[in-house]
Amino acid sequence: MNVELTKSFFAEAAHHNPRGNEKTSRLHGHSFDITLVVEGEVLSEPAWLIDYGDITAAFNPLYEQIDHAVLNEIEDLADPTVHGLRDWLFRKLKPALPCLKDVRVRIVGACSFAPERVPPRPEEGLPAAIRFTFEAAQSLAQLPETHKCHNMHGHSYRVEVAADDLEAVNEPLREIYAILDHRCLNDIPGLESATCEIICYWLWERLKMHHAGVRAVGVQETNFARCLYYGK
Numbered sequence: 029m030n031v032e033l034t035k036s037f038f039a040e041a042a043h044h045n046p047r048g049n050e051k052t053s054r055l056h057g058h059s060f061d062i063t064l065v066v067e068g069e070v071l072s073e074p075a076w077l078i079d080y081g082d083i084t085a086a087f088n089p090l091y092e093q094i095d096h097a098v099l100n101e102i103e104d105l106a107d108p109t110v111h112g113l114r115d116w117l118f119r120k121l122k123p124a125l126p127c128l129k130d131v132r133v134r135i136v137g138a139c140s141f142a143p144e145r146v147p148p149r150p151e152e153g154l155p156a157a158i159r160f161t162f163e164a165a166q167s168l169a170q171l172p173e174t175h176k177c178h179n180m181h182g183h184s185y186r187v188e189v190a191a192d193d194l195e196a197v198n199e200p201l202r203e204i205y206a207i208l209d210h211r212c213l214n215d216i217p218g219l220e221s222a223t224c225e226i227i228c229y230w231l232w233e234r235l236k237m238h239h240a241g242v243r244a245v246g247v248q249e250t251n252f253a254r255c256l257y258y259g260k
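Counting from 29, one number per residue, gives the positions in the sequence shown under our numbering.
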């Protein structure tokens, strides 16, 4: 029988598009969702197409190049856009994975101010919230050079603001989005060291003046890491 297998990876990288518009030509970053698709015939023995570990082993050398890095600085990646990254990965992987059918690359964030309402969470004592994403680059220069976050890299940041009056924070959040999106956070006053903790505090300080009853600010930089700040 013929089957198709997929395996997904996430990479946090910065880039800029030299041929892009004013926004995309600035240094910024994303969380990239990269899915490898392999296809082939499965025989009765060993009854699988390929070991998922072999897919990971083939991808790892490329992952090490793109994760927590600036795509424009990869020597043979001529086009640092999403489309260019996809083509580069396919070309590099095909010799090691002959059964490779496709490489799918997408940005995790919305790439626009697209706020969503989150229902109240009484079990956490929180009212309804607004959630949105922004795309930015940063380097945590205070960390040792051996730490990958010392390198310039990027994230699709996910922000969640719980408040008693969501209407009062919607427009301020739109203004905050314009400050943060498609930027290098290190260049923004107060975010020279843009840990999730600092970003939460920075957001809180700009929202509290609007008297919206902000109860919590959350910043998530990957699928697996989030910081919550309650203003204390």
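Backbone N, C-alpha and C fix where the C-beta goes; we use that ideal spot for every residue, glycine too. Note that the structure is a prediction, hence the values are computed from the model and not measured.
Helix, strand or coil at residue i according to DSSP, with G and I counted as helix
i: ARG202; result: helix
i: PHE252; result: coil
i: LYS236; result: helix
i: GLU195; result: helix
i: ASN88; result: helix
i: ASN100; result: helix
i: LEU33; result: strand
i: HIS181; result: strand
i: TYR257; result: strand
Any non-hydrogen atom of the ligand ADP within 8 Å of residue i CB
i: PHE141; result: Absent from the structure shown: the ligand ADP. Ligands present: none.
Proximity of residue i and residue j at Cβ, strictly below 9 Å
i: VAL31; j: LEU77; result: yes
i: ALA164; j: LEU99; result: no
i: ALA222; j: GLN166; result: yes
i: PRO1; j: ARG159; result: Residue 1 lies beyond the range of the chain shown here (29 to 260); nothing can be said about it.
i: ALA156; j: ALA191; result: yes
i: LEU154; j: LEU117; result: no
Cβ separation of residue i and residue j, assumed to be a contact under 8 Å, to the nearest whole Å
i: LEU256; j: GLY241; result: Wrong, their Cβ atoms sit about 17 Å apart, outside the cutoff.
i: CYS224; j: LEU55; result: The Cβ separation is near 20 Å, so there is no contact.
i: GLY48; j: GLY182; result: So it is not a contact: roughly 15 Å between Cβ atoms.
Quick check: the stretch 122–129 against the stretch 176–196, are there 3 or more CB pairs under 8 Å? no
As an exercise, report each continuous beta strand (DSSP E) stretch of at least 3 residues that is fully enclosed by the stretch 102–163, in chain order. 128–135, 144–146
Does the stretch 132–139 come within contact of the stretch 50–63, defined as at least 3 CB pairs closer than 8 Å? yes
With contact counted as at least three CB pairs below 8 Å, one residue from each stretch, are the stretch 183–192 and the stretch 106–124 in contact? no
Every unbroken beta strand (DSSP E) inside the stretch 44–85 [3 residues or more]: 56–69
Between the stretch 35–46 and the stretch 80–92, do three or more beta carbon pairs fall short of 8 Å? yes
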